[in-house]
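Residue numbers (the working numbering): 175 to 313.
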C-alpha cells in the first residue's frame with residue numbers, strides 16, 4: 175500500500191510553472207487549482223509560503239491573482255523546496271527508545287543523514303529554474 179506523502183513541493187512547482195509560462199499574467203488560485211487538481215484552499219496555503227519567501231505576490235481585486243515576484247529563470251527549485259518544507263526533515267522520523275543501545279543513537283544518526291541528504295537535494299534542485307520547466311523540450 176502506498177503511503178501518503180507531502181505534495182506541497184509538487185503543487186508549488188506546478189503553480190509556479192503555470193505562472194512562469196505567462197509571467198505578466200495574474201492567475202487566481204481557483205484557476206490554478208483546476209490545473210493542479212487540488213482544493214484552492216490547499217493551493218493558497220502553498221502560495222502563502224511562497225509569498226513569504228518572496229517568490230510570488232498576490233494582487234487583490236477582480237483582476238487580481240497570483241504572479242511571480244521574480245523572473246522565472248531566477249527562481250530555483252531549491253529555494254521552492256526550502257520555502258514549502260520550512261525546515262522539515264527529508265526523512266520521516268520516529269521516536270526510538272532512548273534506553274536501547276541502538277535506539278539511543280538513531281536520532282543523531284538520522285539527523286546527520288538528513289542533513290547530508292538535504293544538502294545534496296538542495297544542490298541538485300538549485301540546478302533547475304522555473305524557466306527550465308516552462309520551456310518545451312525537443313522530442
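C-beta: ideal position from N, C-alpha, C; glycine also. Computed from a prediction, not measured in an experiment: that's the story for all the values here.
Assigned with DSSP and collapsed to three states, residue 256 falls in helix. Under the three-state reduction of DSSP output, residue 230 falls in the strand class. In the DSSP assignment, the residues bridged to residue 303 are 250. Using a C-beta cut-off of 8 Å, the stretch 258-272 makes no contact with the stretch 229-241, since fewer than three inter-stretch Cβ pairs fall below that distance.
In this structure, DSSP gives residue 277 a helical state, which the three-state scheme calls helix. The Cβ atoms of residue 194 and residue 275 do not sit closer than 7 Å to each other. For the pair of segments examined, the stretch 280-294 was found not to touch the stretch 203-213: the number of CB pairs separated by less than 8 Å stays below three.
Taking C-beta atoms as the reference points, residue 182 and residue 254 fail to come closer than 7 Å.
Sequence-distant Cβ neighbours of residue 217 in its own chain, meaning closer than 8 Å and more than five residues away, are 185, 189, 203, 206, 207 and 210.
In the displayed model, residue 239 falls within a strand according to three-state DSSP.
Put simply, of 223, 304, 198 and 303 the residue whose alpha carbon is nearest the alpha carbon of residue 238 is 198. For residue 201, the secondary structure class from DSSP, reduced to helix, strand or coil, is strand.
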